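If you read the sequences in order, they're chains A and B. Going by UniProt numbering, the first residue of the first sequence is number 1, and it counts up by one from there. Going by UniProt numbering, the first residue of the second sequence is number 1, and it counts up by one from there.
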Amino acid sequence: MGTKFIISVIGMFLVTYIPRFMPVYGLTKIELPQAVKSFLEYVPVAVLSALLFPVIFIKDGRLFLALSNIYLLSAIPTFIAAYFTRKLFTPVVVGIVSYVILSFIIK
Amino acid sequence: MIVDGDVRKSINGVKSALPIVLGYLPIGFAYGLVGVKSGFTISQVVALSLFVYAGSAQFIAISLLSAGTSIVTLVSTIFIVNLRHFLYSTSLSQYMKHISRKHIPILSFFITDETYAVAITDLQTNSEYTEGYFYQLFLTSYTAWVFSSFLGAVSGSLIGGSINIGLDFALPAMYIALLLMQISGYKKVFISVFSGLLSITLMFVLPGNTNVIVAALIGAGMGVLLDKWVRNL
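Following this line, the structure appears as structure tokens:
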């Protein structure tokens, strides 16, 4: 495990570092065209949705649309809190508390 | 007044990192636990957190390594899973123009799903920031990640079984909060729903976490088309 592990870690470091480093280093000097800027403006919304939807709608590789889906149910009060505060911390706390309460009720 | 302005102009990266810390603790802990249970030593488990610093990639690495997968397969899988960082880095590049270039090679290492999402939200609403902001945000998050994986690994080697802390929802909750901070106007609502549903659909056909990057690319591309289309109406 020793040598293989060390080579693997070096390999993984390189393939995770290069995509993080290259664009931010190479593009800071360049003025991007309007279409690219428009594209980049949508990236955060698209990425966050692409990350979030599977977490709350999928369980064990299947669509999980039921009242026993704690993630989906906890998302509702979190969403409401986020809508009204437009801040980070309060919705996170609301989400965690909802999740804990719902876990007790449903399990 | 001047003092007030000076204080306000630097956004506090440590404060911005707190929800991330809350989210990283249970996941890092779980990762450490799983790592040790899969037969890795505490230092190997922590080494991945130190040098790879990407949650889903580390979980995948642990399962592939313990299954005896070849280094080439392992490394190329990790590459694909983390390609989305390319997108984050491109997006952040627009906000790092006036930061001294000598910091970029260090700062860019710390770009993750969560640090990117928080940073981009802060940067869009606050045009005054320094490299200090990035260091605060990035190092606080990184420390939490490394530390929690260490704790998980130690606990895993001390006690058996798994521990559920009920903080599982911290990261999804953060995604929801960040998403709502990003959304302004019906076009972004549309792109959000579109990308989210696409991501779910692609999950069933694409391997690893590739659904996230493909859905995000198509979703953002759709946004550009939407912009053009609406303008021409």
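Idealized CB from N, CA, C, for every residue including glycine. Since the model is a prediction, treat every value here as computed from it, not as a measurement.
For residue i, the nearest candidate out of the options (CA to CA)
i, options, result
"A47(B)", "V9(A), L102(A) and V92(A)", "V9(A)"
"M181(B)", "K107(A), L88(A), L32(A) and F21(A)", "L88(A)"
"V26(A)", "M96(B), V189(B) and G208(B)", "Note that residue 26(A) corresponds to Gly in the displayed sequence, not to Val. Nearest of M96(B), V189(B) and G208(B) to G26(A), Cα basis: M96(B)."
"T90(B)", "T112(B), L202(B), T69(B) and T41(B)", "T112(B)"
"R86(A)", "L179(B), E131(B) and G35(B)", "L179(B)"
"L64(B)", "F40(B), M203(B) and G196(B)", "F40(B)"
"P172(B)", "F147(B), N12(B) and Y24(B)", "Y24(B)"
"G185(B)", "L22(B), S16(B), V72(B) and V230(B)", "V230(B)"
"I70(A)", "F104(A), F21(A), M12(A) and R62(A)", "F104(A)"
"E131(B)", "L74(B), S155(B), I104(B) and A57(B)", "I104(B)"
"A177(B)", "V100(A), L102(A), E41(A) and V45(A)", "V45(A)"
"A220(B)", "P33(A), V43(A) and T3(A)", "V43(A)"
"N82(B)", "S56(B), K228(B), A117(B) and I106(B)", "S56(B)"
"V15(A)", "F51(B), F134(B), G152(B) and W145(B)", "F51(B)"
"S149(B)", "A30(B), F138(B), A17(B) and Q124(B)", "A30(B)"
"T121(B)", "G11(A), L32(A), F13(A) and L48(A)", "L48(A)"
"N12(B)", "A119(B), V154(B), I106(B) and S43(B)", "A119(B)"
"L72(A)", "I56(A), Y83(A), I80(A) and L63(A)", "I56(A)"
"P77(A)", "K37(A), D60(A), V100(A) and I58(A)", "V100(A)"
"G35(B)", "I213(B), G223(B), A153(B) and L202(B)", "A153(B)"
"T77(B)", "K102(B), L87(B), S93(B) and A54(B)", "A54(B)"
"F53(A)", "I42(B), A215(B), Q136(B) and F86(B)", "A215(B)"
Beta-carbon neighbours of residue i, restricted to chain A and to distances below 9 Å
i, result
"R231(B)", "Result: empty, since nearest Cβ-Cβ is about 10 Å, beyond 9 Å."
"A153(B)", "Under the 9 Å cutoff, chain A gives no residues; its nearest Cβ is about 15 Å from A153(B)."
Contact list for residue i against chain B, beta-carbon separation under 8 Å
i, result
"S8(A)", "A61, L65, I71, L74 and V75"
"P33(A)", "Chain B residues near P33(A): none, gap ~11 Å exceeds 8 Å."
"S38(A)", "G223, V224 and D227"
"F64(A)", "What F64(A) touches in chain B: nothing, since even the nearest Cβ is about 11 Å away."
Under the three-state DSSP convention, the category residue i falls into
i, result
"I58(A)", "strand"
"L206(B)", "coil"
"L83(B)", "coil"
"L27(A)", "coil"
"M222(B)", "helix"
"V118(B)", "helix"
"L32(B)", "Contrary to the premise, residue 32(B) reads as Gly rather than Leu in this sequence. It is helical."
"V7(B)", "With a pLDDT of 45 at V7(B), under the threshold of 50, the predicted position of this residue should be treated as unreliable, and no value is reported."
"K53(B)", "For clarity, residue 53(B) is Tyr in the given sequence; the question names Lys instead. Looking at Y53(B) - three-state DSSP - the assignment turns out to be coil, as it is neither helix nor strand."
"G68(B)", "coil"
"S100(B)", "coil"
"D113(B)", "helix"
"P44(A)", "helix"
"S38(B)", "coil"
"G23(B)", "helix"
"K228(B)", "helix"
"Q94(B)", "coil"
"T201(B)", "helix"
"Y129(B)", "coil"
"G156(B)", "helix"
"P105(B)", "helix"
"G196(B)", "helix"
"S68(A)", "coil"
"I7(A)", "helix"
Residue environment, residue i, which counts as buried when at least 16 other CB atoms sit within 10 Å
i, result
"L65(A)", "exposed"
"A35(A)", "exposed"
"I62(B)", "buried"
"N126(B)", "exposed"
"D168(B)", "buried"
"T115(B)", "buried"
"Q84(B)", "According to the sequence displayed, residue 84(B) carries Arg and not Gln. With 16 or more Cβ atoms within 10 Å of its Cβ, R84(B) is classed as buried."
"T3(A)", "exposed"
"L51(A)", "buried"
"L158(B)", "exposed"
"S162(B)", "The predicted model places S162(B) with a pLDDT of 47, which falls under 50 and marks its position as unreliable; any figure quoted below should be read in that light. So S162(B) ends up on the exposed side."
"Y83(A)", "exposed"
"G32(B)", "buried"
Residue(s) in a DSSP beta bridge with residue i
i, result
"L63(A)", "I58(A)"
Residue i: contacting residues in chain B (beta-carbon distance under 7 Å)
i, result
"K4(A)", "I71"
"S74(A)", "F169"
"I106(A)", "Per Cβ cutoff of 7 Å: no residues; I106(A) is ~13 Å from chain B at best."
"S68(A)", "Those within 7 Å of S68(A) in chain B number zero; the least Cβ separation is about 15 Å."
Under 8 Å from the C-beta of residue i: neighbouring residues of chain A
i, result
"S148(B)", "Those do not exist, as S148(B) stays about 16 Å from chain A at its closest Cβ, beyond 8 Å."
"I183(B)", "V45"
"S91(B)", "L40, V43 and P44"
"F134(B)", "Simply none; closest approach about 11 Å."
Cross-chain neighbours of residue i in chain A, by beta carbon under 7 Å
i, result
"V205(B)", "Those do not exist, as V205(B) stays about 12 Å from chain A at its closest Cβ, beyond 7 Å."
"Y175(B)", "L48, L51 and L52"
"L139(B)", "Residues of chain A passing the Cβ test: none, with the nearest at roughly 15 Å."
Cβ of residue i within 7 Å of any chain D Cβ
i, result
"I200(B)", "In summary, chain D is missing from the structure at hand, where the protein chains are A and B."
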